[in-house]
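Those sequence lines, one after another, are chains A and B. In terms of this note's numbering, the first sequence opens at residue 840 and continues consecutively. In terms of this note's numbering, the second sequence opens at residue 31 and continues consecutively. By construction, the Cβ of each residue, glycine as well, lies at the ideal position given by its N, Cα and C atoms. In what follows, a single structure is set out as C-alpha cells and then discussed.
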Amino acid sequence: GESVGLHLPTLSVQEGDNSIINCAYSNSASDYFIWYKQESGKGPQFIIDIRSNMDKRQGQRVTVLLNKTVKHLSLQIAATQPGDSAVYFCAENIPGGGADGLTFGKGTHLIIQP
Amino acid sequence: NAGVTQTPKFQVLKTGQSMTLQCAQDMNHNSMYWYRQDPGMGLRLIYYSASEGTTDKGEVPNGYNVSRLNKREFSLRLESAAPSQTSVYFCASSDSWGNNQPQHFGDGTRLSIL
C-alpha cells in the first residue's frame, strides 16, 4: 500500500506568503526523506533531503521539518514566488527495501495566486 | 551541466511494436533507475542498476528489459508494447546505492501505445 502520502492534493497561496506542504509516512523504520519539485512537462527536481537523526534542515528559502513521533514531514517555502508553482512530493527510504528503498508520494499541486 | 538526458522526449507506438528508451548521465553516478509515472500514482520503479554490470527488478518490471551499457548509459526496452504501458518514463541516477543519496531525474519520455 501507499506508505507515503500527502494531506492536500492542491494548495493555493498568495504570492509572497509562506507555503507549507505536508507529507505523512507510515513506516517508522524510514531513515531518509527527500522533497522533489516537478514542473509541468519536466522531471522531478531535488529540493532538499533530511536524515532521520535530524528534526530540521534549511536550504535556500526552504525548510524541511521531520516529526518522527507522528511520522510527519513538511516542506516550508518562504516568500512564495510564481516560479514555485509545481507539484511537490516527498519520498522516503525504507532500509532494506531495495533500490535505495525509495517510496514516492503522489504529490501536492502548489498554485501561486498573484 | 546536462545531468540526466533522456531520448526521445515523445513517442507513439502501435501495440506489439518494440522500442528502446535511452538514458545517459554525466555526473559519474554509480546507480541508475527507470520509473514510470501515471496519473494519480507516485513514481513506480521498473528496474534499477546499483552499479555498472548489475541490474535488478523493481516494483513493476513485467514487459520491460534493461541494459546497463556502461557507467553513463542505462536503456529501457519494451519488446512488445501494450496500451497499459502508456506512461511517462523517467530515468534517474544517484551517487551510490543504499547510501541515502538523492536521485536526480531526467525530463522524461512520454510514451503512448495505441
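Put simply, the backbone Cα of Y77 (chain B) is about 26 Å away from that of T947 (chain A).
Pairwise C-beta distances place the region 43 to 61 of chain B out of contact with the region 868 to 878 of chain A, as fewer than three of them are shorter than 8 Å.
Between L949 (chain A) and S858 (chain A), the gap from beta carbon to beta carbon is short of 8 Å. Between F120 (chain B) and Q67 (chain B), the gap from beta carbon to beta carbon is short of 8 Å. Non-local beta-carbon contacts of R900 (chain A) in its own chain, meaning distances under 7 Å to residues more than five positions away in sequence, involve I916, A917 and A918 in chain order. When Cβ-Cβ separations below 8 Å define contact, Q133 (chain B) makes contact with chain A. Between the alpha carbons of Y63 (chain B) and E854 (chain A) lies a gap of roughly 36 Å.
Sequence-ordered contacts of the region 49 to 80 of chain B with chain A read Y63, G70, M71, G72, L73, L75 and Y78 [C-beta pairs closer than 7 Å]. Excluding the 5 residues flanking it on each side, S126 (chain B) has same chain C-beta neighbours closer than 7 Å at N60 and S61, in chain order. For S126 (chain B), no beta strand (DSSP E) segment is defined, and its DSSP state is neither H nor E. Closer than 8 Å to the CB of F104 (chain B) there is not a single CB belonging to chain A. Under DSSP, E878 (chain A) forms no beta bridge with any residue. By the Cβ neighbour-count rule, Q897 (chain A) is exposed, with fewer than 16 other Cβ atoms within 10 Å of its own.
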